[in-house]
Amino acid sequence: MGSVLDRLGEREAQARVLVERLRGEAERAAGALAAADVSLSRLVIARETVAEVLEAEPDQGIEAPGVRGAVRDVALYERIAQVFAEAGAALRPRQVCEALGMPGEARYVEAMRPKLSRLVADGVLAQVGPGLFAPAAEQVPA
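For the sequence shown, my numbering gives the first residue as 135, with consecutive numbering after it.
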């Protein structure tokens, strides 16, 4: 009878080892499942949030004229366009600076050139010669 009890003891020990191993695997699987569930929840929330934002925004396919990732002084660009409308002729950057009441120093003139180029890209002005700009509709050469 001792040998039967010994065998049962061995089988019990093996069963305990198996149960402990499976319990450890189950705990690891439960941890992985919980992590995957959290990840899934975050992805669902992100997708829903993006969908809500895109639905709430007007059509963003068309960019505002001249906006290239930087904030622009819209009032200044309107004043520049007004200078050209009032002049009725092609102007050079220095003349635009003077018409706006800015100093005619080189740094101001050089800062004006890219602004005029942006207005050309926006279709407000046209470059009718090297350093010479005019209203786009008229393109008056000087």
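Beta carbons are placed, not taken as given, at the ideal position from N, Cα and C, and that holds for glycine.
Source: prediction; values computed, not measured.
A residue is called buried when at least 16 other Cβ atoms come within 10 angstroms of its Cβ; residue 229 meets this threshold and is buried.
Under the three-pair Cβ rule at 8 Å, the region 255–273 counts as touching the region 216–234.
A distance below 7 Å between beta-carbons, with the five flanking residues on each side excluded, links residue 261 to the following residues of its chain, in chain order: 254, 267.
Per DSSP, reduced to three states, the secondary structure at residue 258 is coil, with no helix or strand assignment.
For residue 170, the enclosing alpha helix (DSSP H) covers residues 136–190. In chain order, 228, 231, 232 place their CB closer than 8 Å to the CB of residue 238, counting only its own chain and leaving out the 5 sequence neighbours on each side. The beta-bridge partner set that DSSP reports for residue 263 consists of 266. The beta carbons of residue 243 and residue 215 sit no closer together than 9 Å.
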